[in-house]
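What follows is a single structure, written as structure tokens, with notes after it.
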Amino acid sequence: MVGVILGLVVGTGVILLVMGLVKRFAREAVPVLVDLPGGTWAVGGGLGVVTVLGAAGWLRCASGLSDRTRLTRGLHAVGTAVCCAAAFGPFFLLLSGLPGRNCRSESCAYLPGTGSAFLAYVLSAGLVGWSVHRWTSTRAAEQAALERERVRRLRKKGKGKSRAARQG
1153 MVGVILGLVV
1163 GTGVILLVMG
1173 LVKRFAREAV
1183 PVLVDLPGGT
1193 WAVGGGLGVV
1203 TVLGAAGWLR
1213 CASGLSDRTR
1223 LTRGLHAVGT
1233 AVCCAAAFGP
1243 FFLLLSGLPG
1253 RNCRSESCAY
1263 LPGTGSAFLA
1273 YVLSAGLVGW
1283 SVHRWTSTRA
1293 AEQAALERER
1303 VRRLRKKGKG
1313 KSRAARQG
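Sequential numbering of the sequence shown, starting at 1153, is according to our numbering.
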């Protein structure tokens, strides 16, 4: 029982430490990103595209086969983690630049340009995500139509029936 409580306390401390370090890194990185050429809108748009690509890669990696060697499963898990970080990282990076709620210290003040970058991020992630969704769903519908046509042609020749139906 003592080990479980100690594990929870240490685990909570590690999580809070990591979250604090990530927030501090983000608070240092956002002003540098906002000052890049193209301004805040270009940064937000680029991070939105990174999010969509990361989410697409994450969904593709998450639907992997399980009959692999231990090494390939490990590499697959690392790839999934990288794609997950690419999907959620930009959102939390830009979110950390917005002002903290009920916080009066300097560490949670508004970083200039973050609001417009966040708006550009949301718009670009939404538009690119919608476009990717439309493209993949159209492609899947075309593949399904081709498969239905192939099965229809096979049935027309008598090859699409079961063995019992062909004999009887």
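In this text, a Cβ means the ideal position worked out from N, Cα and C, and glycines have one as well.
Everything numeric in this text was worked out from a predicted model, so none of it was measured.
For S1283, the closest alpha carbon among the candidates L1205, L1185, L1173 and V1170 is that of L1205. Close CB contacts of A1207 within its chain, under the 7 Å cut and outside five residues either way in sequence, are with A1239 (chain order). Scanning its chain for C-beta atoms nearer than 8 Å, with the 5 sequence neighbours on each side dropped, one finds around T1266 the residues V1182, V1186, T1192, L1246, G1249 and L1250, in chain order. Judged by beta-carbon spacing, S1276 lies within the 8 Å limit of V1201, meaning their Cβ atoms are closer than that value. In this structure, A1272 lies near G1197, with their beta-carbon atoms less than 8 Å apart. The DSSP-derived three-state label of R1253 is coil. Cβ-Cβ distances below 8 Å link R1220 to H1228 in the same chain, with the five nearest sequence neighbours on each side left out; the list follows chain order. In the displayed model, Y1262 falls within coil according to three-state DSSP, outside both helix and strand. In this structure, the beta-carbon distance from C1213 to G1231 falls below 8 Å. Excluding sequence positions up to five before and after E1258, its CB lies less than 8 Å from no other CB in the same chain.
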